[in-house]
Amino acid sequence: MPIADSDGTSIYYERHGSGPAILFVHGSGGHHAIWWQQVAALREEFTVVTVDLRGFGKSDSSMPEFDGQDFPGDLIAVLDQEDLTDVMLVGQSIGSVAALRAGLLRPERVSSVVLGHSLGGISHPELKELAAADRAEAVKLPVIDRLLTKKFQQERADLTFLFQQMGTFNVAKMQDLRNLDTNGPSLDDIQNSGVKVAFLAGEKDAVLSVKTVTRAYELLAGSHLEIVQDGPHSMYWETPEQYNAAVADLRRTLTAQKEAA
Numbered sequence: 306m307p308i309a310d311s312d313g314t315s316i317y318y319e320r321h322g323s324g325p326a327i328l329f330v331h332g333s334g335g336h337h338a339i340w341w342q343q344v345a346a347l348r349e350e351f352t353v354v355t356v357d358l359r360g361f362g363k364s365d366s367s368m369p370e371f372d373g374q375d376f377p378g379d380l381i382a383v384l385d386q387e388d389l390t391d392v393m394l395v396g397q398s399i400g401s402v403a404a405l406r407a408g409l410l411r412p413e414r415v416s417s418v419v420l421g422h423s424l425g426g427i428s429h430p431e432l433k434e435l436a437a438a439d440r441a442e443a444v445k446l447p448v449i450d451r452l453l454t455k456k457f458q459q460e461r462a463d464l465t466f467l468f469q470q471m472g473t474f475n476v477a478k479m480q481d482l483r484n485l486d487t488n489g490p491s492l493d494d495i496q497n498s499g500v501k502v503a504f505l506a507g508e509k510d511a512v513l514s515v516k517t518v519t520r521a522y523e524l525l526a527g528s529h530l531e532i533v534q535d536g537p538h539s540m541y542w543e544t545p546e547q548y549n550a551a552v553a554d555l556r557r558t559l560t561a562q563k564e565a566a
């Protein structure tokens, strides 16, 4: 069982396939196994790494409280143990915050970061205001309706049930993740790092609007934007084919740009 040591904390991860590396970072209700549809589709072309942040899945969950500021170190521990370079980190929701910070801390290992359904904790007054307005609307909905469309829930009751069960394997909960966005990076911090950033948004995301993500893309010079038609907040689960195609395209595109430079 592959385990990385993150400053004394055991972090579980898996490595599949070969080729340019993609490391997926789950959100508050996930763990390494939520990426089953991505691993199966992408491992023939890419090295696919999945990880359990502390408090999630098979990683150490024995601590009395959890702090989101520790998550980037968990990712770095995996990158270091596997000696990975030119990695594309793909975050899902809060996982994007950890992914971006890890990328900025280890640009020699991380060449690009994909912020899935998230602004990655970027510190910018306009973006914080826009995201707060989106959240104010999202909290009016039942949690499951924020994450999956009603149509999917009705047509795929089986996968909706499995989706909800996934979170029961975790000890850490969203409300436990203190300090997640504290001291986030500025736009200048990101641009000066040399790490390429892409925003991956779902057209039907009920948590973070396409309008807000598009504004972040406009403000962050040199960034990329990919909008998946009909994609909800958890489109990796509901619309995996479109999601996988977008991730693969970003990995190929960002790699090609780096080689051209």
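So the mapping is simple: this note's numbering equals the position in the sequence shown, first residue as 1, plus 305. For each residue, glycine too, the CB sits at the ideal point set by N, CA and C. Being a predicted model, the structure only gives us computed values, none of them experimental.
- Nearest in C-alpha terms to His422, of all of Ala553, Val344, Thr560 and Tyr541, is Tyr541.
- Exclusion of the five residues before and after Arg320 leaves Val354 as the residues of its chain whose Cβ lies within less than 6 Å of its Cβ.
- Residue pairing from DSSP places Asp310 in a beta bridge opposite Ser315.
- Per DSSP, Val500 lies in no beta strand (DSSP E) segment and is marked neither H nor E.
- For the pair Gly373 and Phe351, the CB atoms are not nearer than the 8 Å cut-off.
- Here Ala407 carries a helix assignment [DSSP, helix/strand/coil].
- Rounded to whole angstroms, the gap between the alpha carbons of Ser401 and Ser367 is 24 Å.
- Comparing C-alpha distances from Glu370 to each of Val518, Lys478 and Tyr548 shows the shortest one belongs to Lys478.
- Val418 carries a strand assignment under DSSP once its states are collapsed to helix, strand and coil.
- Around the beta-carbon of Asp310, fewer than 16 other beta-carbon atoms lie within 10 Å, marking it exposed.
- Cβ-Cβ separation between Pro490 and Gln342: approximately 30 Å, too far for a contact (criterion under 8 Å).
- By DSSP's assignment, Phe376 forms no beta bridge with any residue.
- DSSP places Phe371 in the coil class of the three-state scheme, outside both helix and strand.
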